[in-house]
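Reviewing the structure listed below.
Protein chains: 2
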Amino acid sequence: METRELRYFVAVAEELHFGRAAERLGIAQPPLSRAIAQLERRLGTVLLERSSRTTSLTEAGQLLLREARAALSAVEAAERRTRRVGRAGTGQSASLVLVTKSGASSELLAKLLDAYAAEPDAVAVDVQLCGIGEQGPMLRDGRADVALLHLPHDSVSGLDVEVLAEEVQMVLLPAGHDWTGRASVTTAEVDALTDPPPARWPRPDGTYPDGDGPEVRDHTQLLQLVALGRTCVVLPESARSLLRDGIVAVPISDAPRVTTVIAWPPHSRSAGVASLVRTALRL
Amino acid sequence: METRELRYFVAVAEELHFGRAAERLGIAQPPLSRAIAQLERRLGTVLLERSSRTTSLTEAGQLLLREARAALSAVEAAERRTRRVGRAGTGQSASLVLVTKSGASSELLAKLLDAYAAEPDAVAVDVQLCGIGEQGPMLRDGRADVALLHLPHDSVSGLDVEVLAEEVQMVLLPAGHDWTGRASVTTAEVDALTDPPPARWPRPDGTYPDGDGPEVRDHTQLLQLVALGRTCVVLPESARSLLRDGIVAVPISDAPRVTTVIAWPPHSRSAGVASLVRTALRL
DNA sequence: GGCATCCATACCCCGCGGGTATCGGTCCAG
DNA sequence: CTGGACCGATACCCGCGGGGTATGGATGCC
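Top to bottom, those sequences are chains A and H. Oh and the first sequence: position 34 is 34 in the working numbering, straight run, nothing missing. So the number in the working numbering is just where the residue sits in the second sequence, counting from 1, plus 283.
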């Protein structure tokens, strides 16, 4: 199977419409029909049920869609990473891309970068910030080499990881709130909290969940709204460094611990990644 | 990048010889040279250092070799799995392949298969036995869907896992050995044991490590040799079911626990695999 | 220095991927 | 009920690119 065939199939499987898929691929519809038919013949399997009015995936088609996406990611990763070290070889910039959620574990990250820079075999590290749930795909398709993730929020499916830190979660409240001075609260209490209403973060697709709380995009904005008494938020312990006047933090006794891990794609145990991971484990 | 280009590159990178690589690929040498040159041009990177007498990989080439192998495995997996469910769809047999080391966890495996067969959504499970260290590749290239692995012996790099059991290790000795009746021994003692000498298992490549002990290929043979006083062996606790007259088992107090896990390739969380894993966790 | 080895270049050919035109089936509006 | 819009498949043609053979240029060895 060639990647071209996989790309064609993924396009059709996602659009469920040969015409649109062909347009998206920048080719005409007949060659696309032919390519899919040929793929089906070679696999000895019907992938799409077409009934001239609607197109749908067979069971085999659904499986191939998942597998093909993963395979194409792997091919893309090979290409991207090779391009990168190729450029680096010619004397150019960064040869290691680290990705993490914006605003998370900033303290740990700073310590890690400092410690790694002091290593004898250190290479330049390009730090990229990204949205929630984006790290996995970025590692898989080669846009990044290593990531800082937070369990249980992020999925580490298919990634190799080492645990770096474990911390409790806290609820951040405006000073003067009823709970000020309490040693701890429970998740049940936090879930039931409506005054102030919890802040709403954007989902990966950019939309916001329903609720009374204000929509926030970054930590600065968030903390300001907390200080103003308009909202509250649950954050891991390390967010304590973000505290300022007008905000109090109360630990949540029974919330799951947030575990910070360093993750990298398997098989890509390059010298650079290995060294960075080793450094991280010594922290 | 097309898989053909990756296959060509992997062949050259492994042979480090354009002629042999071309032969292996079943094409002539000039088209291969041209294909590699074109790949290098497209990537903007030199992959191979050729000096008309010897060919070697550049740093970028080494990276691409690793990445290309992984990518090709993923493509192969897509093809193989699709073929399989395609055949299954036409009324034919097994739609789930479980792989494990021969002779390991047989009791657990039997219980799992029984319990799973009783599930309402159960499909046929094709059990395959394979050599040490073969399970990972088999999951990655689609020859298998799910595996039973044993930490720390097997690597789970890049696989999703759930822990099923944890057991201590024991040393199996001929009855009447000095250690008969001891509550436990230490790894240091076992390592120093020369009478009887420890059995030697074949390595993945088929060769045997050096040593005084006999070369063994299967459990039957092994147990017979132990009973005859010719060898000893370290096995996990579950091997107790293999015991028979003439053999005693002594736990090793400080040996690492052997953890049996069920593993599957990420992203391929098909209904069948999910159901089997759920069943395994209920055991 | 002749030779063997090994990769690159030059050149040719044909298969295949891609394009246009058109067909056959299905759903819907009038 | 029927014409038209829509959608995928088929028919046919073309040009590029992947593959072949022949040969050149570089290098290490006897």
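Quick reminder that beta carbons are idealized off the backbone N, C-alpha and C, glycines included.
| Asked | Found |
| --- | --- |
| Among 468/H, 393/H, 403/H, the one whose alpha carbon lies nearest that of residue 431/H | 393/H |
| Proximal residues to residue 45/A (C-beta, below 6 Å), its chain only, five neighbours per side dropped | 60 |
| Within 8 Å, strictly: CB atoms of residue 236/A and residue 225/A | no |
| CA-to-CA distance, residue 87/A to residue 93/A, given in whole angstroms | With a pLDDT of 49 at residue 93/A, under the threshold of 50, the modelled position of this residue cannot be trusted; read the value that follows with caution. Cα-Cα distance, rounded: 8 Å. |
| Beta-carbon spacing of residue 266/H, residue 311/H below 8 Å | This structure gives no information on residue 266/H, because the portion of chain H shown stretches from 284 to 566. |
| Contact with chain A by residue 421/H, beta-carbon distance below 8 Å | no |
| Test: residue 304/A CB closer than 8 Å to a CB of chain H | This structure does not reach residue 304/A, given that chain A is present from 1 up to 283, and the question cannot be answered. |
| Burial state of residue 479/H, where buried means 16 or more other Cβ atoms lie within 10 Å | buried |
| Residue-level contact to chain A via CB, residue 549/H, 8 Å cutoff | yes |
| Sequence-distant residues of its chain with Cβ nearer than 8 Å to residue 562/H (five each side left out) | 395, 398, 399, 402 |
| Strand pairing of residue 453/H, partner residues [DSSP] | 518/H, 534/H |
| Span separating the alpha-carbon of residue 188/A from that of residue 445/H | 29 Å |
| Cβ-Cβ distance between residue 47/A and residue 64/A below 8 Å | yes |
| Cβ neighbour criterion (16 or more within 10 Å) applied to residue 38/A | exposed |
| Separation of residue 540/H from residue 409/H, as counted between CA atoms | 29 Å |
| Per-residue contacts from residue 365/H into chain A (C-beta, under 8 Å) | 43, 45, 47, 60, 63, 64, 67 |
| C-beta neighbour in chain H for residue 121/A, strict 8 Å | no |
| Element boundaries [beta strand (DSSP E), containing residue 505/H] | Taken as a continuous stretch (DSSP letters only), residue 505/H belongs to no beta strand (DSSP E), being part of the alpha helix (DSSP H) at 502–510. |
| Distance between residue 185/A and residue 253/A (C-alpha atoms, nearest Å) | 6 Å |
| Min CB distance residue 309/H to chain A below 8 Å | no |
| Residue-level contact to chain A via CB, residue 446/H, 8 Å cutoff | no |
| Neighbouring residues, chain H, relative to residue 186/A (Cβ below 9 Å) | Chain H residues near residue 186/A: none, gap ~28 Å exceeds 9 Å. |
| Chain-ordered neighbours of residue 285/H on chain A, where CB pairs are closer than 8 Å | 2, 3, 4 |
| Pick from 417/H, 338/H, 382/H, 358/H that is closest to residue 411/H, judged by C-alpha positions | 382/H |
| Those residues which DSSP pairs with residue 545/H across a bridge | 431/H, 445/H |
| Contact list for residue 75/A against chain H, beta-carbon separation under 9 Å | 284, 285, 286, 289, 350, 351, 354, 355, 357, 358 |
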